[in-house]
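S.K.:
Number of protein chains: 2
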Amino acid sequence: MADKPAIAATTHSDATPDGAQPRAKTGAVKMDDIARMAGVSKSTVSRALSGSPLVNEETRARIQVLVDSHSYRVDTRAQGLRKGRTHTIAVVIPLLHEHDQPISDPFFLELLGHIADAVADHGYDLLLSKIGPGRASGMADLVDTGRVDGLIAIGQSTAHLGLERLADRNLPLVVWGAQLPEQHYVTVGSDNKAGAERAVAHLIAQGRRRIVFLGQRTVPEMRLRHDGYVAALAAAGIEPDPALDVPTRFASAAALTAMRSLICGGATFDAVFACSDVIAISAIRALQDQGLRVPEDVAVVGYDDVQMAAFYNPALTTVRQDTATGGRLLVDLLFAQIAGRPTRSVMLPTELVVRASSGVVSGTTTPGPR
Amino acid sequence: MADKPAIAATTHSDATPDGAQPRAKTGAVKMDDIARMAGVSKSTVSRALSGSPLVNEETRARIQVLVDSHSYRVDTRAQGLRKGRTHTIAVVIPLLHEHDQPISDPFFLELLGHIADAVADHGYDLLLSKIGPGRASGMADLVDTGRVDGLIAIGQSTAHLGLERLADRNLPLVVWGAQLPEQHYVTVGSDNKAGAERAVAHLIAQGRRRIVFLGQRTVPEMRLRHDGYVAALAAAGIEPDPALDVPTRFASAAALTAMRSLICGGATFDAVFACSDVIAISAIRALQDQGLRVPEDVAVVGYDDVQMAAFYNPALTTVRQDTATGGRLLVDLLFAQIAGRPTRSVMLPTELVVRASSGVVSGTTTPGPR
DNA sequence: TTGAAAGCGCTAACAG
DNA sequence: CTGTTAGCGCTTTCAA
């Protein structure tokens, strides 16, 4: 770990600041207490609190007052134990690689934010969990130990088989990612192939012919994007050059290195299709460092339309994934499954957002943010 | 909600795909079942699983086999109910404004990632919760309803008073943010004033005199950064110009607008100190859109050293906050509080990372990423 | 070394 | 409308 912290100040001791109630940690008031004070039974309180119609309005009011004044809250743990539900769903981020800087891609954060909103709207809690490679069993545990009612996996990465197993066990599960043939689990994701195809076709339309594919093809979504890339080239009668197929992980640093070595390797190319905006941005940096101009010498297109894409310099042309509907859909489908309703995978349409980095001549007006 | 999804495919029905065990949803195996199979009592299983030394090794082995083969997992809900602990901690993101795009700043994500790691290392779960303005009571509920053992708030934003109340109730709570005088709760955060002061001093050292402060002073951390800004100016004998004090929210779009109107308002300045990297990046975009060069015409310094800062164009000079130690510290302090040990606030040192955007002449070598 | 019994705080029949 | 009675699945005395 890094160096010791520098300054230290405010002290938090267990002494109660002023003469406040020195209530012990176990001192929380329980339903029984409320019942006693209201002169009724626990059951009545329970009913009153759950809005049952079988309670005298007067009684309910009396109870409510007590509840408020003592700021009593039902213990969800006990409630869940009894009712068999947890009112919690897990969002799992399967890590792609050993020690990728945690959840670093802004795209994830945007999606996560929307998921969090949707989950909250349902009145559920959200458990966030990072799961290392191979350990899909960890996901099952979350359900088996009664911690959550269902799972949302962000990105199937290399966990495909593990996810299949979960789905086969009929655990409520929805995955953000690619729609694979024959898969047993439900996914929500953008139309990766079509999105990529359109992006690459756009580059070709700008007169580019030697287009680099920058991304990790082992991840299903990226493989589909690669398919789109190939399809677009084929449609234009261009033979894909394996030398322009550059694998890279998602971290900025990795992308930078990959791009650098491509350039230094003497490859010739006039465009780059990157599998994510973060990768695209790193690529641009590498290009500029080597004295290449974007988009004049090399046009670049990314994927995601992360917030920052519009603000980059040059502003990034990219394939937008709609994280807002995506997030909400993930949650809605999951709740449908929890409710026992059958669900099916959804593929979201993508949109090509053309900005400066792909070399389209535009006026002085900056293509704004979303 | 947006338009309807496009394509749909794989169906997830309740029918068990192949001849797998059509185990009902309640069909999970319980401790009692294991006990019966092992020919011992529930208590023994419990002891065996918790590593109690009062169990015959042979018995323990027999139980373990059963547990593994049935992939039995202890129900943490019941366990928690009995033991009074939840093994879960909450990370709360107090929202700054009504509908700021959820948790959009990459800085938060980086910090969150590290917190998640640290929490996982302790074997705890992490509940993610977004709380709207003013509703600090929501945080208390998390503890009162027995959902979590403690709270980590990321950014005090405008929730200061609410946090005070929580601390006064002696709930385990650690806050990422500014260290305010007399505050009752424990914080971890960077030395905002010193960091900002150094950044601004750096700009002054580059010969800049008219330096814009770009950020929201209502947030405690930002106010401290403003203090540092003023201090640096004062040290150089520069009178702060109120016209250069530009408030803006944290979203890229807001920063862009703020900067634009400053420029169009005809203000003259030769540098910008932005309260976050995201803001800095938007500011640069605005400057360039108006034909100003960075750093030649206007030098820019950000705050955070978000991953992308090194990759921006021009690479961003910024004040690095160490999210790795910060995250870990937040968690360690929280666990100390949960264990009943007294804790004190910590102020982390910052580091000024000088890159191209502040106009320092450097060779062809790019200041690399971290 | 093990088992029996008593709850953790709550809900849900089943009787009034 | 309300109270009584059983547990939800686990841990933990207290005895054996």
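In the order they appear, the protein sequences are chains Y and V. In terms of full-length UniProt numbering, the first sequence opens at residue 1 and continues consecutively. In terms of full-length UniProt numbering, the second sequence opens at residue 1 and continues consecutively. For every residue, glycine included, the Cβ atom is placed at its ideal position computed from N, Cα and C. Being a predicted model, the structure only gives us computed values, none of them experimental.
#1: Interface residues of chain Y around alanine 234(V) at Cβ under 9 Å?
#2: Would the beta-carbon of aspartate 304(V) fall within 8 Å of that of serine 261(V)?
#3: Between the alpha carbons of asparagine 192(V) and alanine 38(V), how many angstroms are there, rounded?
#4: What does the Cβ neighbour count give for alanine 299(Y), buried or exposed, with the cut at 16 atoms within 10 Å?
#5: Within 10 Å of its beta-carbon, does aspartate 68(V) have 16 or more other beta-carbons around it, so buried, or fewer, so exposed?
#6: Assign arginine 164(Y) to one of three DSSP states: helix, strand, or coil.
#7: Quick one: grab the DSSP three-state call for arginine 355(Y).
#8: Should glutamine 156(Y) and serine 358(Y) be called a contact, given that it needs their Cβ atoms to be closer than 8 Å?
#9: For the region 111–122 of chain V against the region 324–335 of chain V, are there 3 or more C-beta pairs whose distance is under 8 Å?
#10: Under the three-state reduction of DSSP, which class applies to arginine 47(V): helix, strand or coil?
#11: Distance cutoff 8 Å, beta carbons only. Does isoleucine 154(Y) sit that close to anything in chain V?
#12: Within the same chain, show all residues whose beta-carbon is closer than 6 Å to that of histidine 114(Y), passing over the 5 residues directly before and after it, in chain order.
#13: Closer than 8 Å, Cβ to Cβ, to anything on chain Y: give me those residues from the region 271–297 of chain V, in chain order.
#14: Between which two residues does the alpha helix (DSSP H) carrying glycine 327(Y) extend?
#15: Would threonine 318(V) pass as a contact of valine 346(V) if the rule is Cβ separation under 8 Å?
#16: Whose CA, out of Ile63(V), Glu57(V) and Glu164(V), lies closest to the CA of lysine 42(V)?
#17: For a contact defined as C-beta to C-beta under 8 Å, what are the partners of leucine 126(Y) on chain V?
#18: Starting from threonine 76(Y), find everything on chain V with Cβ-Cβ shorter than 7 Å and list it in chain order.
#19: For arginine 60(V), count neighbouring Cβ atoms within 10 angstroms of its own Cβ and tell me buried if that reaches 16, exposed if not.
#20: Where does the unbroken beta strand (DSSP E) through phenylalanine 150(V) begin, and where does it stop?
#21: Give the range of the alpha helix (DSSP H) segment to which valine 29(V) is assigned.
#22: Going along chain Y, which residues have a C-beta under 7 Å from glycine 80(V)?
#23: Could you tell me whether the region 219–239 of chain V touches the region 196–210 of chain V, using the rule of 3 or more Cβ pairs below 8 Å?
#24: Going by DSSP, what residue range makes up the beta strand (DSSP E) through phenylalanine 108(Y)?
#25: From glutamate 351(V) to alanine 274(V), what does the alpha carbon distance come to, in whole angstroms?
#26: On the DSSP bridge assignment, give the partners of threonine 317(V) in chain order.
#27: Buried or exposed: valine 353(Y), going by 16 or more other Cβ atoms within 10 Å of its Cβ?
#28: Nearest by alpha-carbon distance to residue 395(V): which of Glu110(V), Leu151(V), Val360(V) and Thr145(V) is it?
#29: Give the interface partners of aspartate 141(V) over in chain Y, defined as CB-CB distance under 8 Å, in chain order.
#30: Do proline 106(Y) and methionine 259(Y) come within 8 Å of each other at the CB atom, strictly closer than that value?
#31: Kindly identify the DSSP beta-bridge partner or partners of valine 246(Y).
#32: Using a Cβ-Cβ cutoff of less than 7 Å, which residues in the same chain neighbour histidine 184(Y) once the five nearest sequence positions on both sides are dropped?
#33: Report the three-state DSSP secondary structure of isoleucine 93(V) (helix, strand or coil).
#34: Could you check if valine 45(V) is buried or exposed, using at least 16 other CB atoms within 10 Å of its CB as the buried criterion?
#35: Determine the burial state of glycine 187(Y): buried for a count of at least 16 other Cβ atoms within 10 Å of its Cβ, exposed for fewer.
M.R.: On the basis of the supplied data:
#1: Those do not exist, as alanine 234(V) stays about 22 Å from chain Y at its closest Cβ, beyond 9 Å.
#2: Inclusion of aspartate 304(V) and serine 261(V) in the CB contact set at 8 Å is not warranted, their separation being larger than that value.
#3: So the alpha carbons of these two residues sit roughly 60 Å apart.
#4: Classified as buried, alanine 299(Y) has 16 or more neighbouring CB atoms from the shown chains inside 10 Å of its CB.
#5: Exposed: under 16 other Cβ atoms inside 10 Å.
#6: A small correction: the amino acid at residue 164(Y) is glutamate; arginine does not occupy that position in the sequence shown. DSSP places glutamate 164(Y) within a helical segment (H, G or I) once states are collapsed to three.
#7: Coil, per DSSP.
#8: Against a cut-off of 8 Å, the Cβ pair of serine 358(Y) and glutamine 156(Y) comes out as no contact.
#9: Contact between the region 111–122 of chain V and the region 324–335 of chain V is present, because at least three Cβ pairs lie under 8 Å.
#10: Correct three-state label for arginine 47(V): helix.
#11: No, isoleucine 154(Y) lies away from the interface with chain V (no Cβ there is under 8 Å from its Cβ).
#12: Within the same chain, histidine 114(Y) has close Cβ partners Thr323, Ala324 and Gly327.
#13: Answer set for the region 271–297 of chain V: Val278, Ile281, Ser282, Ile284, Arg285, Gln288 and Asp289.
#14: 323–338 is the span of the alpha helix (DSSP H), which, as asked, contains glycine 327(Y).
#15: Against a cut-off of 8 Å, the Cβ pair of valine 346(V) and threonine 318(V) comes out as no contact.
#16: When only C-alpha atoms are compared, the closest one is Ile63(V).
#17: Going along chain V in sequence order, the residues near leucine 126(Y) (Cβ under 8 Å) are Leu127, Leu128 and Ser129.
#18: Ordered by position in chain V, the residues that pass the 7 Å Cβ test against threonine 76(Y) are Thr145, Gly146 and Arg147.
#19: If you draw a 10 Å sphere on the C-beta of arginine 60(V), you find 16 or more other C-beta atoms in it, and that means buried.
#20: Looking at the sequence provided, one finds glycine at residue 150(V) rather than phenylalanine. It spans 150–154 - the beta strand (DSSP E) in which glycine 150(V) sits, taken as one unbroken run.
#21: Per DSSP, valine 29(V) belongs to no alpha helix (DSSP H) and is neither H nor E.
#22: By Cβ distance, chain Y contributes Arg77.
#23: Verdict: yes, contact present.
#24: Per DSSP, phenylalanine 108(Y) belongs to no beta strand (DSSP E); it is in the alpha helix (DSSP H), 106–121.
#25: About 16 Å.
#26: Answer is Val301(V).
#27: The residue in question, valine 353(Y), is buried, as its Cβ has 16 or more Cβ neighbours within 10 Å.
#28: The requested residue 395(V) does not occur in the structure, where chain V is confined to residues 1 to 370.
#29: Residues of chain Y whose Cβ lies closer than 8 Å to the Cβ of aspartate 141(V) are, in chain order, Arg73.
#30: No.
#31: Valine 246(Y) pairs with Leu214(Y).
#32: Glu164, Ala167 and Asp168, listed in sequence order.
#33: DSSP places isoleucine 93(V) in strand when its eight states are reduced to three.
#34: Under this definition valine 45(V) is a buried residue.
#35: It is worth fixing the name first, because residue 187(Y) is threonine in this sequence and not glycine. Its Cβ being crowded by 16 or more others within 10 Å, threonine 187(Y) is buried.
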